[in-house]
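Below is one structure, written out as C-alpha cells, with a few remarks after it.
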C-alpha cells in the first residue's frame, strides 16, 4: 500500500499532562521515521503547547480547549479538524469527548486503546491493559503507533533515544546561559533536583530531599574538588516556595544550592534541562522532559500498581535511568518509607558508573 496515499494527514491526540505528552515522543518519532511523507499534527492542551512546538517529529500543533471551555470553543475545534481533512487519528489516551470529536470530524481511520467505554467510538482498537503496568507507558504508546502503521501497510523504522535530540552546540549554549545566569561553574557536574510534583504524583517530602542531597554529596566527597556536584533546585509555576524551603534546609546542613525557577516560559525551561548532568525528581513532567533529552534520571515512584517505576519509566537510553520505590510492605503511596540514605547509595553508584562509561 502507498502510505503517502493512504495517510497524507495524521492527527495524534495526547491531551492530558506534560509528563504523559513527553512519553508520547517515542511514538511520534516512530511515526515520523516510518511515515516520512505524512503531515503529522498533535492535539494537546494549552499548557503543553509550548513544548509541543519544540518537538522535531511533528508538523502542526492544535490546541484542545478542554471539556470546560464551552460549546463555542468545541465547535471551533470541530470545524478546524474538518477543515484539515485528516486521513487518520491516533488517540493515545482515550476519552468519550475526543472519541466523539474524531467521529464528528469524519476522520475515516481512527485507532485508540481498547479500554474505557470510549473505545466503541473507534473502528480500530488495541487491547493493552495498561493498569497492569507490564511495560513502560511510552512502550504502550509505541505499540499503538505500530498498530496504526500495520493498518496502513507501512514499514516500521524504529528511532533510538534521545527523543528530543538537542545538538551538542545547543546543549553547550544552554549550559553557558545557565552558568552566567545562576553564577555557577560550568566545569563541575550539575545535579538538578525537582522537588515539586505539579499535583499529579506522589513525591518525597522536603526533608527527605534535604537528607538525600546531603547524603549523596557526602558519598561523593572523595571526588576531586572540581568533580563535586553543583546542586540546582528547579521549580515550576507555584513550586518555588517548596523549593526555597528545601534550599534553606540544605543551607542549615552546610550544603549550598542554587534555585532555578521557571520564569521565561515552559519551552525555555524545558530546553534548559538539557544542561543537566543528572536529574532527580518524582514522576513529574520535568523528569520526563529530562528523559526525552536523555539526561541521566533518578525517579521516585509510589508502589501503586498503576504508578510504578516500570510503568512511568522515563524514555532514556538503556542504563541511563534509575527508579526507586517504597520498600516491600509499604502502602501504595507511602513515599515517606523511601530511605534517603539507601537512595543516596543508589544515586552515588549510578553517578560513578556513568562517569566511568564516559
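Numbering (the UniProt record's numbering), first residue to last: 1 to 358. Think of the CB as a built atom: it goes at the ideal place given N, C-alpha and C, for glycine as much as any other residue.
{"Query": "Cβ pair residue 216, residue 191 closer than 9 Å", "Result": "yes"}
{"Query": "Nearest-angstrom Cα separation, counted from residue 243 out to residue 122", "Result": "44 Å"}
{"Query": "Residue 282 versus 275, 74 and 290, residue with shortest Cα-Cα distance", "Result": "290"}
{"Query": "Spatial neighbours of residue 184 in its chain, beta-carbon cut-off 8 Å, leaving aside the 5 residues before and after", "Result": "178, 190, 230, 232 and 258"}
{"Query": "For residue 294, the first and last residue of its enclosing beta strand (DSSP E)", "Result": "Careful: residue 294 lies outside any beta strand (DSSP E) and carries neither H nor E."}
{"Query": "Proximity winner among 329, 331, 322 and 334, relative to residue 349 (alpha-carbon distances)", "Result": "322"}
{"Query": "Assigned secondary structure, residue 48 (DSSP; H/G/I helix, E/B strand, else coil)", "Result": "helix"}
{"Query": "Pick from 8, 111, 27 and 13 that is closest to residue 87, judged by C-alpha positions", "Result": "8"}
{"Query": "Beta-carbon separation (whole angstroms), residue 149 vs residue 139, contact threshold 8 Å", "Result": "Rounded, the Cβ-Cβ distance is 15 Å, inconsistent with contact."}
{"Query": "Helix, strand or coil at residue 96 [DSSP, three-state]", "Result": "helix"}
{"Query": "Rounded distance between the beta-carbons of residue 227 and residue 255, thought under 8 Å", "Result": "Actually they are not in contact, since the Cβ atoms of residue 255 and residue 227 sit about 16 Å apart, beyond 8 Å."}
{"Query": "9 Å Cβ cutoff met for residue 250 and residue 214", "Result": "yes"}
{"Query": "DSSP three-state assignment for residue 343, whether helix, strand or coil", "Result": "helix"}
{"Query": "Three CB pairs or more closer than 8 Å across the region 261-281 and the region 122-137", "Result": "no"}
{"Query": "Through-space distance from residue 277 to residue 352, alpha-carbon basis", "Result": "12 Å"}
{"Query": "Alpha helix (DSSP H) segment containing residue 281, residue limits", "Result": "Where residue 281 is concerned, there is no enclosing alpha helix (DSSP H), although the beta strand (DSSP E) it sits in stretches over 278-282."}
{"Query": "Buried or exposed (CB count within 10 angstroms, at least 16 for buried), residue 22", "Result": "buried"}
{"Query": "Selection from 65, 16, 173 and 346 that minimises the alpha carbon distance to residue 320", "Result": "346"}
{"Query": "Closest residue to residue 91 among 34, 15 and 240 (Cα-Cα distance)", "Result": "15"}
{"Query": "Close-in-space but distant-in-sequence residues of the same chain around residue 205 (CB under 8 Å, 5 per side omitted)", "Result": "335 and 336"}
{"Query": "Own chain partners of residue 317 with C-beta closer than 7 Å, once the 5 adjacent residues on each side are dropped", "Result": "161 and 294"}
{"Query": "DSSP beta-bridge partners of residue 115", "Result": "According to DSSP, which records beta bridges pairwise, residue 115 is partnered with nothing at all."}
{"Query": "Collapsed DSSP secondary structure at residue 177 in the structure displayed", "Result": "helix"}
{"Query": "Cα-Cα separation, residue 51 to residue 25", "Result": "11 Å"}
{"Query": "Other residues of its chain near residue 147: CB distance less than 7 Å, five sequence neighbours each side excluded", "Result": "111 and 126"}
{"Query": "Cut-off 6 Å between Cβ atoms - residues of its own chain near residue 81, not counting five sequence neighbours on either side", "Result": "105"}
{"Query": "For residue 194: DSSP bridge partner residues", "Result": "234 and 281"}
{"Query": "Continuous alpha helix (DSSP H) assignments of at least 4 residues falling wholly in the region 10-58", "Result": "18-22, 25-34 and 49-52"}
{"Query": "Neighbour-count burial assignment, residue 333, 16 or more Cβ in a 10 Å radius", "Result": "exposed"}
{"Query": "Alpha-carbon spacing of residue 292 relative to residue 73, whole angstroms", "Result": "32 Å"}
{"Query": "Residue 299 and residue 324 closer than 9 Å at C-beta", "Result": "yes"}
{"Query": "Extent of the continuous alpha helix (DSSP H) to which residue 243 belongs", "Result": "240-252"}
{"Query": "9 Å Cβ cutoff met for residue 286 and residue 270", "Result": "yes"}
{"Query": "Continuous alpha helix (DSSP H) stretch holding residue 143: start and end", "Result": "137-152"}
{"Query": "Range covered by the beta strand (DSSP E) that runs through residue 274", "Result": "Looking at the DSSP string, residue 274 is not in any beta strand (DSSP E), and its letter there is neither H nor E."}
{"Query": "Cut-off 8 Å between Cβ atoms - residues of its own chain near residue 114, not counting five sequence neighbours on either side", "Result": "125, 126, 127 and 128"}
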